[in-house]
Amino acid sequence: METKHTSEIKLNVELDENRIPNAIRWTAQDGGVTDEATKAVMLSVWDHANQESLRIDLWTKDMPLDEMKVFFHQTLTAMADTFQRATNDDKMSDTMRDFCDYFAEKLELKKGK
5 METKHTSEIK LNVELDENRI PNAIRWTAQD GGVTDEATKA VMLSVWDHAN QESLRIDLWT
65 KDMPLDEMKV FFHQTLTAMA DTFQRATNDD KMSDTMRDFC DYFAEKLELK KGK
């Protein structure tokens, strides 16, 4: 099969002397994103050979705690949606969404943030 197009996503992480992220910038030309600042990144990839997920979780020193909570909630909710699209397992997707609602309630996150 011939490759018609490749797409690249770049992360640039500026570290302090202790290797803690000061700044994170990302580029995804196909998505219209060029050298945009962000305060947090969660990246998961599947290692088929070892049958395990590999992760990179980064956030800057100045990532506000309240924003981190919202970031986690939105990421968990997106994972439930992705799980449903990938597996068509409505029951487990709904269970995951129930947990997301519980998570938001316990953290007192307001909907619409």
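Following the numbering used here, the numbering of the sequence shown begins with 5 at its first residue and continues without gaps.
Ideal Cβ placement from N, Cα and C applies to all residues, glycine included.
Look at residue i and residue j and say whether their C-beta atoms are less than 8 Å apart.
i: M46; j: T79; result: yes
i: W30; j: K43; result: no
Output needed for residue i: all residues of its chain with C-beta closer than 6 Å, excluding positions within five of it in sequence on either side, in chain order.
i: S3; result: Any property of residue 3 remains undetermined from this structure, which presents the chain solely from 5 to 117.
i: T81; result: C104
i: L111; result: K73
i: D34; result: S11
i: D1; result: With the chain running from 5 to 117 in the structure shown, residue 1 is simply not present.
Grab me the residues of residue i's own chain with a C-beta within less than 8 Å of its C-beta, minus the 5 sequence neighbours each way, in chain order.
i: D85; result: S97
i: K117; result: At K117 the pLDDT is 45, less than 50, meaning the model places this residue with poor confidence and gives no usable figure here.
Under a Cβ-count criterion, where at least 16 other Cβ atoms within 10 Å of its own Cβ denotes burial, should residue i be classed as buried or exposed?
i: I24; result: exposed
Starting from the Cα of residue i, find the closest Cα among the options and give me that residue.
i: M83; options: P68, N26 and D102; result: D102
i: D65; options: A53, A27 and K8; result: Inspection of the sequence shows that residue 65 is occupied by Lys rather than by Asp. Closest option to K65, Cα to Cα, is A27.
Starting from the C-beta of residue i, find all residues in its chain whose C-beta is less than 7 Å away, skip the five residues before and the five after it, and write them out in chain order.
i: M67; result: K43 and A44
i: W50; result: S57
The ligand PLP and residue i: does the residue's C-beta get closer than 7 Å to at least one heavy atom of that ligand?
i: W30; result: No copy of the ligand PLP appears in this structure; indeed no ligand is present at all.
Within the chosen definition, does the region 62-76 reach the region 92-104 through at least 3 CB pairs nearer than 8 Å?
-> no
Evaluate the contact criterion for the region 31-48 versus the region 7-15: three or more CB pairs, one atom per stretch, below 8 Å.
-> yes
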